[in-house]
Each structure stands twice: as C-alpha cells, then as structure tokens.
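Q: Taken in order, these protein sequences are the chains called A and B.
If you use our numbering, the first sequence corresponds to residues 5 to 127, in order.
If you use our numbering, the second sequence corresponds to residues 3 to 692, in order.
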Amino acid sequence: MVIPSLVSVVDDDESVRESLPDLLKEFGFAVQAFSSAKEFLASDCIGQTRCLVLDIAMPGMSGPDLQRELTLRRQEIPIVFITAQGDETVRPRVLEQGAVECLFKPFSETALLDALNTALRVS
Amino acid sequence: MEDSQERIGVQNGLLRVVDALPGLVWTALPDGYVDFLNQRWCEYTGLGVEEAYGQGWQTAIHPEDLPELLERWQSILASGEPREMEARLRRFDGEYRWFLFRTCPLADASGRVVKWCGMNTAIDDRRRAEALLAGEKRLLEMIATGKSLSTTLTELCLLVEELCPGCVSCSILLLDLETKKLWLGASPSVPKAYTESIDGFAIGPDASSCGAAAYHGKQIITSDIATDPRWAESRDLALANGLRACWSTPIFSQQNRVLGTFAMFSGKPGNPTTNDQEVIAQITHLASIAIERSRVEENLRRSKAYLSEAQKLSLTGSFGWNVSADEHFWSDETFRIFEYDVSTKVTLQLILERAHPQDIPLIRQAIALAADGRDFDYECRFIMPGGAVKHLHLVAHGTRDQDGRLECIGAVQDVTERRLSEETLGKVRSELAHVARITSLGALTASIAHEVNQPLSGIITNASTCLRMLAADPPNVSGALKTARRTIRDGNRAAEVITRLRALFARTGATTETVDLNEATREVIALSWSEFQRSRVILRSELANDLPPVTGDRVQLQQVILNLLLNASDAMSGVDDRPRQLVIRTERDKCDHVRLTVQDAGIGVEPQGVDKLFEAFYTTKSSGMGIGLSVSRSIIESHHGRLWAAPNDGPGATFSFSIPRGPEGVTGANSFGAIRKPAVTDAVRVMRNP
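#1: Does the Cβ-Cβ distance between residue 10 of chain A and residue 52 of chain A come in under 8 Å?
#2: Kindly provide the ranges of any beta strand (DSSP E) runs that are 3 or more residues long and lie completely inside the region 27 to 54 of chain B, ordered along the chain.
#3: Determine the contact status of residue 551 of chain B and residue 578 of chain B, defining contact as a CB-CB distance below 8 Å.
#4: Taking all protein chains shown into account, decide if residue 95 of chain B is buried (16 or more other Cβ within 10 angstroms of its Cβ) or exposed.
#5: With DSSP run on the structure shown, which of helix, strand or coil describes residue 117 of chain B?
#6: Any C-beta of chain A sitting closer than 8 Å to the C-beta of residue 501 of chain B?
#7: Taking Cβ to Cβ, would you say residue 1 of chain B is nearer than 8 Å to residue 584 of chain B?
#8: Reducing DSSP to helix, strand and coil, say where residue 212 of chain B ends up.
#9: Do the region 450 to 462 of chain B and the region 105 to 120 of chain A touch if we need at least three Cβ pairs shorter than 8 Å?
#10: For residue 285 of chain B, I'd like the list of residues in its chain whose CB is within less than 7 Å of its CB, leaving aside the five on either flank, ordered along the chain.
#11: Is the beta carbon of residue 246 of chain B closer than 8 Å to that of residue 210 of chain B?
#12: Closest to residue 279 of chain B by C-alpha separation, out of B:239, B:474, B:222, B:534, would be which residue?
#13: Would you mind sorting residue 500 of chain B into buried or exposed? The rule is 16 or more other CB atoms within 10 Å of its CB.
#14: Is there contact here, the region 256 to 272 of chain B with the region 111 to 126 of chain B, by at least three beta-carbon pairs under 8 Å?
#15: Can you round the beta-carbon distance between residue 82 of chain A and residue 104 of chain A to whole angstroms, since I take them to be within the 8 Å contact cut?
#16: With the cut-off set at 8 Å, would you say residue 39 of chain B and residue 54 of chain B are in Cβ contact?
#17: Hey, is residue 35 of chain A's beta-carbon within less than 8 Å of any beta-carbon in chain B?
#18: In chain A, what lies closer than 9 Å to residue 455 of chain B by C-beta?
#19: Buried or exposed: which applies to residue 127 of chain B, given that a residue is buried once 16 or more other Cβ atoms fall within 10 Å of its Cβ?
#20: At least one CB of chain B closer than 8 Å to the CB of residue 105 of chain A: is that the case?
#21: Can you give me the Cβ contacts of residue 669 of chain B inside the same chain, cut-off strictly under 6 Å, excluding the 5 residues immediately before and after it?
#22: Nearest CA to the CA of residue 105 of chain B: which residue from B:168, B:148, B:36, B:149?
#23: Does the beta carbon of residue 459 of chain B sit closer than 8 Å to a beta carbon anywhere in chain A?
#24: From this set, B:160, B:537, B:225, B:166, which residue's C-alpha is nearest residue 129 of chain B's C-alpha?
#25: What residue does the beta strand (DSSP E) around residue 599 of chain B start on, and which one ends it?
#26: Between residue 486 of chain B and chain A, is the shortest Cβ-Cβ distance under 8 Å, so that the two count as touching?
#27: What residues match up with residue 340 of chain B in a beta bridge as DSSP calls it?
#28: Quick one: which chain A residues come within Cβ less than 7 Å of residue 475 of chain B?
#29: State yes or no: is the beta carbon of residue 120 of chain A nearer than 8 Å to at least one beta carbon in chain B?
#30: Does any residue of chain A bring its CB to less than 8 Å from the CB of residue 506 of chain B?
#31: Could you check which residue in A:54, A:49, A:12 has the C-alpha nearest to that of residue 125 of chain A?
#32: Would you report the Cα separation of residue 26 of chain B and residue 101 of chain B, rounded to the nearest angstrom?
#33: Classify residue 51 of chain B: buried if its beta carbon has 16 or more other beta carbons within 10 angstroms, exposed otherwise.
#34: Could you check if residue 354 of chain B is buried or exposed, using at least 16 other CB atoms within 10 Å of its CB as the buried criterion?
#35: Where do the ends of the beta strand (DSSP E) carrying residue 44 of chain A lie?
#36: Identify every residue that forms a DSSP beta bridge with residue 583 of chain B.
Structure (structure tokens):
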C-alpha cells in the first residue's frame with residue numbers, strides 16, 4: 005500500500021480547516037490541519053509534510069513569516085500559499101521567496117490540484 | 003554894564019540849567035573842538051571837564067565805533083547842517099551803551115557857523131531790542147529751515163555775547179535724561195580747555211552752576227566762582243580761563259522738563275543786570291524751541307527710518323487716498339511693491355495699469371468701496387513690467403481727515419511667496435487626499451474582499467468535495483450531506499458579511515429642524531470664502547429678506563448648497579476671458595416653496611445632457627467621482643423638493659432647488675437607501691477638498 009503523502013494545512017479560518025482537508029483527502033492525500041503557524045511548528049509533522057498549504061494573513065506569525073522560519077530551519081517544504089486578500093502584488097513576492105504557487109480564494113479544485121502536483125514533484 | 007551884568011547872570015543861569023538837564027549836552031567850535039560839556043556828561047562818563055575838552059571826549063567812545071564816528075563828525079562839520087550820529091559811550095563803570103549824538107549848528111547874522119551844539123541820548127535799550135529782535139528772527143529762521151542744532155545754539159551764544167556787554171562768553175549744555183549728564187551744545191567763546199573738561203559731567207545739587215541748575219530746575223547765580231562751594235571741583239580751571247562769575251539758567255521744554263542749561267560767564271565777580279535777565283529769558287526760550295524742534299525731528303526721522311525698514315522687511319507698504327481732493331500718498335515700500343519710481347505722481351491709473359486683467363473687476367470694486375468710504379480687504383494679482391505676477395493683499399479703512407473730507411488709509415502686502423507656497427501646499431494636500439482616498443478605498447475593498455472570499459472559498463471547496471463524494475463508487479452520501487450543509491452555512495456567512503457591511507455604511511437618520519435658508523447659505527459662503535478668493539470667483543449673494551423658514555436637515559441642505567457653489571466655481575476655473583461671476587440667490591417660489599439658485603459663468607451644460615448630470619458616477623470633471631449632484635438631488639427629494647439645472651442665456655449654467663416651507667419635514671432615513679453613507683462621505687469630501 006502506498007503511504008499517502010502528508011499535506012499540512014495552516015489557516016486561522018475554521019471553515020477552511022474543515023473543508024479543505026476533506027477535499028484533499030478526496031484527492032488521496034493524508035492531511036493535518038493547524039490553526040496557526042506556531043501550532044504547526046510545535047507539531048511533529050514538519051518532517052513528514054510533503055506540501056504545506058499556507059494562509060498568508062494570520063494573526064501572530066503570518067504565512068510568509070513561517071516560510072522564512074522554515075528556510076532558517078532548513079526545512080525545505082514546498083509551499084502553496086492561499087489568500088483571501090485580493091492583493092496581486094503579494095504573489096510575485098512569495099514566489100520569489102520560493103513558494104510553489106499562490107492561490108487566491110476562492111480557487112477551483114483544479115488549480116489546487118495542479119499546485120499540489122507541482123509541489124510534490126518538487127519535493 | 004548893567005546890561006552886561008544881566009547877560010552874565012542870564013548865561014550863568016542858562017549854564018546851570020544846561021548842567022542840570024537830564025541829557026548829555028556839549029558844544030564845539032566850528033572846527034569840531036569841544037569847548038563845553040555839561041555836568042551830567044562828565045558824571046556819566048566819569049571824565050573830568052579838563053580831560054574831556056578838545057579831543058579828550060574821544061576816550062569815552064567805544065574804540066570800534068570811534069573811526070566811523072569821527073568821519074561822520076567831519077562830514078557834519080563840513081555840511082553845516084543839523085545831523086545825527088550813533089556810537090557807544092563808556093559809562094564811568096566801564097560799561098558801554100549806545101547813544102544818539104544830535105548836533106545842531108549855531109550861525110551868526112551872516113549865516114556863518116559860529117558854534118555847534120550837541121546832545122547825546124541813550125538809545126541802548128532800543129538798539130538792544132532791535133538787535134535781539136533781529137537775532138530772534140535770524141534764529142527762528144535757522145530753526146525753521148532745519149539748520150543743525152549746534153549751529154543754531156552757537157548763533158544763540160554769539161547773539162548773547164553781542165547783546166550783553168558784561169558777558170565774556172556763554173555756553174549751552176544739553177541734558178541727557180537717561181544718564182543725567184550734561185553735554186556740550188554750544189560754547190563758541192568759552193576756552194576749549196574749560197569746555198572739554200565739562201563735557202559729559204553729571205548733574206547734582208552742588209555740581210557747579212549748570213549741574214545744580216539742571217538738577218534743581220531753577221536759575222543758579224554764582225557771583226564769584228572763587229568763593230562758591232559749588233565750584234570746588236572746577237574752580238581752578240575756570241579761574242585759569244578767566245571765568246569769574248557764572249549765571250546758569252535751566253532750559254525747559256513745553257512740558258516743563260529740563261532740556262539743558264544756558265550759562266553766561268563774566269570776567270568779573272557780579273550778578274546779572276536786569277538787561278541780562280531779559281536776554282536770558284528770551285534766549286532760553288529760543289533755545290527750548292530749537293532743542294525741542296530738533297528732538298522732534300530726530301524722533302520723526304528715526305521713526306520714519308524704522309517704519310521704512312519695517313515696511314521693507316514685512317513687504318508691506320502703506321497708502322492714503324484723499325478721495326475728495328483725489329490726492330494720493332504712497333510709502334516708499336508701496337512704490338517698490340508696485341515697481342514704480344518713488345518720484346512718480348500717484349493716480350488710480352497706476353494701480354490699474356499693473357492689475358492682472360482678470361482681477362481688474364475686483365480692483366474696481368475695491369476702488370468703488372474706498373470712494374464710498376467703506377473698508378475693503380482683497381487679494382488681487384498684479385503684473386509687473388518684467389512679467390512677474392505678484393499677489394498683493396490690500397486692506398483699507400475709510401475715514402475722514404481734520405476737515406471732514408473722505409480719506410482711505412490702507413496697507414498693501416506682497417503675499418506672492420506665501421500664495422505660491424500655499425498653492426504648492428494645496429496641490430500636495432490635494433494629492434495627499436487623493437492618495438488617502440485611494441488607499442482607504444483600497445483597504446476597504448481588501449477588507450470586503452477578504453470577508454467575502456473566505457466563505458466563497460469554503461462554498462467552492464465544500465461543493466467540490468461534495469461532488470467528489472457523490473461521484474465516488476459507492477457515493478459517500480453522509481460525507482456529501484456534511485459538505486453540502488457546510489456549503490449552505492458558508493453561503494449564509496457570505497450573506498451575513500453583506501448585511502454587516504450595509505449596517506456599517508448605513509448613516510444615522512436625518513434630523514428635522516427649522517432652517518433659515520439665508521443663514522445656512524451665509525454660513526456656507528463664509529466657509530468657502532477663501533476658496534472663492536483663491537479661485538478668483540466674484541461671489542454676489544442676493545438673499546431675499548422675507549424668506550420663510552423651511553423644515554429639514556440643515557447640514558444636508560448646506561451640503562447641497564456647498565456642492566452647487568463648488569461645482570459652479572469648478573465650472574469657471576478655466577474661464578479667463580470674463581469675470582468669474584457667481585450669483586447665489588434665495589427667493590420665495592410658487593406654491594409655498596422656497597427657491598435657491600446658483601448661477602455661474604462657467605463652461606455651461608448641454609441642454610440635452612442636463613438630466614445625465616444627476617446620474618450617479620456621471621462626471622465632466624477629471625477629479626470628481628460624479629456623486630455630488632446625484633446625492634444633492636436625493637437630499638432635495640427627501641425634502642420633498644426638486645433640483646434642476648438649466649443653461650444660461652449667456653455663458654454658464656444655473657442650478658436651482660426648490661423646497662416647500664415647513665412644516666412637513668424630511669422623510670425617514672430609509673429613503674436614502676444604502677448609498678446614503680457614501681453620499682455624505684462624498685459631500686464631506688467636496689467640502690474639505692474642493
């Protein structure tokens with residue numbers, strides 16, 4: 005049996021933490037959801053996470069903050085950013101920092117799946 | 003013999019009479035040899051008869067007068083006619099006085115002169131009075147023609163020395179009120195060694211004669227410097243320079259303040275004579291005039307210099323216009339500001355020649371106000387010969403001169419720098435406001451987007467999951483139900499966001515009060531006055547006196563008025579070929595309505611496009627959002643009124659609204675719907691950032 009790749013979702017919005025894991029599981033991934041960057045950093049999932057679906061704007065440590073922190077820790081996890089803010093300028097910034105993709109909410113399942121496949125190819 | 007005895011008796015009697023005469027009488031032989039002098043003559047001069055006989059009398063004549071007197075005497079002798087001559091005669095005590103010498107020839111039967119009779123009459127007082135008068139006249143002329151104070155005072159001293167034989171020299175010292183020291187004003191004949199020592203000495207109760215006179219404010223007579231204790235300090239120097247007596251008198255101002263002292267010095271101990279005192283009184287009076295005049299002139303010159311410097315520094319000139327006489331006065335700085343030579347003859351034309359063509363109506367208005375005796379406060383532009391534009395702030399006040407003639411007194415300040423920097427500042431401020439608006443709008447959009455995108459994202463994800471679960475084999479129905487419920491929940495959440503937003507932007511209800519539309523209009527005009535000045539708009543208000551009050555929301559109505567005024571002003575911003583005239587009018591309208599009209603001379607409106615003006619987001623302005631008029635119309639409609647626009651016959655357009663007078667009031671807040679809050683925001687924007 006193929007062990008499904010672990011996708012970790014970090015988002016402060018509860019409805020995302022509810023709905024996105026179900027969809028990801030439908031895609032065939034293993035999923036862990038975290039409500040904050042800190043919670044993720046404190047978990048033991050970092051090493052197994054093949055892809056991180058990360059919200060940009062969160063109270064406390066933001067998505068890009070977590071991205072920098074992981075880089076510092078030499079944890080090269082492919083990141084797919086998701087954001088509800090329509091600010092287009094944020095996308096090139098996070099991509100430059102090494103993110104695989106940046107999706108604007110609401111996004112289609114195709115866009116999400118494409119981003120995840122890219123991420124898993126990278127990892 | 004008896005006859006001869008009688009003759010001798012008569013002659014002796016006559017001689018006694020002649021001796022007793024109160025005049026100085028003498029006789030001389032035809033060649034001028036004096037053979038008789040009466041007793042009074044001898045007593046007066048102190049010469050014995052033997053000493054004076056023949057030519058001896060000449061020793062009693064003032065040496066300066068003798069040559070002329072002798073020459074004259076010879077010519078009288080030659081003429082054989084009765085004549086007069088003048089000379090100073092020395093009294094027994096050495097004082098010379100002026101005398102008139104009257105001479106008369108005695109002839110025998112053949113007409114030959116056998117004897118000369120003469121009588122000397124004292125004319126000293128007359129001569130002195132004449133000299134004093136001539137001196138006074140000369141001095142007053144010097145004062146009036148603005149000769150320097152030291153020249154005038156020197157002349158005064160010389161006059162005294164001429165008039166008072168007992169005075170060897172005199173000095174005028176000036177008092178410095180702050181330091182309480184006396185400084186040399188004039189002392190033409192006092193030895194320098196002495197004057198140098200007294201220059202700048204402090205006054206005091208016992209500080210020689212002058213220091214004490216200035217200190218006490220009264221005359222101090224030192225009849226003998228050698229013994230007067232006041233002279234302890236300068237005694238030796240004074241005596242060494244031949245000064246023995248000093249009579250010092252304070253010189254008073256009109257307000258009775260001591261200005262200085264006048265001192266007469268005598269070479270012998272003694273007191274001033276009555277004559278001396280008269281001269282002193284006259285001279286101190288003249289000196290007072292001269293000193294005061296000089297101080298007044300000095301103060302005037304100084305304050306003029308200060309004023310001129312202050313005007314230069316503050317770029318402010320002053321001007322006066324005597325309207326009745328059409329006489330103008332401009333300060334130097336006014337000439338400088340208008341860039342005219344100070345010698346130019348001032349006329350109103352000078353101002354108009356420099357006026358900026360667009361501001362000529364404004365300037366004519368100012369002139370008309372001034373001619374009417376009213377005050378004005380305008381800012382106008384002027385074009386200088388070099389082409390530079392100056393912004394000048396003109397303020398004037400109507401008044402009447404001593405003769406009750408109308409006068410306009412004012413100031414003109416060059417505010418070009420300030421205006422230019424204000425304009426720059428205004429531009430920056432409006433850019434800043436624009437940026438702030440964009441930014442806040444952006445932030446608002448982002449926040450709305452975030453709030454809506456979250457549930458939308460949930461809806462789509464859940465729906466996708468739901469579809470996948472249903473499409474699976476076998477379908478995961480319970481999972482699909484769960485996700486479908488979430489979809490509904492997120493849909494509701496999105497609807498809630500919208501409701502929250504509406505609540506956030508809903509405005510508070512309109513207030514209803516009695517509004518005096520005239521007063522409300524005046525407030526708006528006062529608020530926007532500087533904006534109109536800046537935009538060179540000439541605002542005329544024609545507010546009806548008998549306007550009934552209306553019932554409504556005062557602030558909303560003012561927003562409409564302001565919006566109409568600023569639109570009118572904006573419509574004229576490109577107008578340079580005619581006055582930017584704006585008329586605001588209130589009047590009663592038919593059917594118990596009140597009407598307000600704003601008429602501009604701007605770019606105007608197309609008749610067919612008039613209705614479009616009131617549509618939201620329709621604008622002809624590059625900087626406008628096109629909300630103002632639509633909001634204005636909704637406000638007026640909520641007041642049960644009507645707002646409309648019409649092109650003028652000439653250039654420009656007229657916007658009017660008509661609302662019923664009380665007491666119905668405004669309909670509820672709901673009639674504005676959701677656009678009300680942004681509408682108000684826009685009106686505020688118009689107010690702040692026209």
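We treat Cβ as the ideally placed atom computed from N, Cα and C, and that holds for glycine.
A: The answer reads as follows:
#1: yes
#2: 36 to 39
#3: no
#4: exposed
#5: strand
#6: no
#7: For chain B, the structure presents residues 3 to 692; residue 1 of chain B sits outside this window and is missing.
#8: helix
#9: yes
#10: 158, 162, 264
#11: no
#12: B:222
#13: exposed
#14: no
#15: 5 Å
#16: yes
#17: no
#18: 87, 88, 89, 90, 108, 109, 110
#19: exposed
#20: no
#21: The predicted position of residue 669 of chain B is uncertain, since its pLDDT is 46 and thus under 50; a value taken from the coordinates is nonetheless stated next. Cβ neighbours of residue 669 of chain B beyond the five flanking positions: 640.
#22: B:36
#23: yes
#24: B:166
#25: 595 to 601
#26: no
#27: Looking at the DSSP assignment, residue 340 of chain B forms no beta bridge with any residue, so it has no partner.
#28: Here the premise fails: no neighbours, minimum Cβ distance about 13 Å.
#29: no
#30: Note on residue 506 of chain B: pLDDT 48, under 50, position unreliable in the model; no value is reported.
#31: A:54
#32: 10 Å
#33: exposed
#34: exposed
#35: Run containing residue 44 of chain A: none in the beta strand (DSSP E); it sits in the alpha helix (DSSP H), 41 to 46.
#36: B:540
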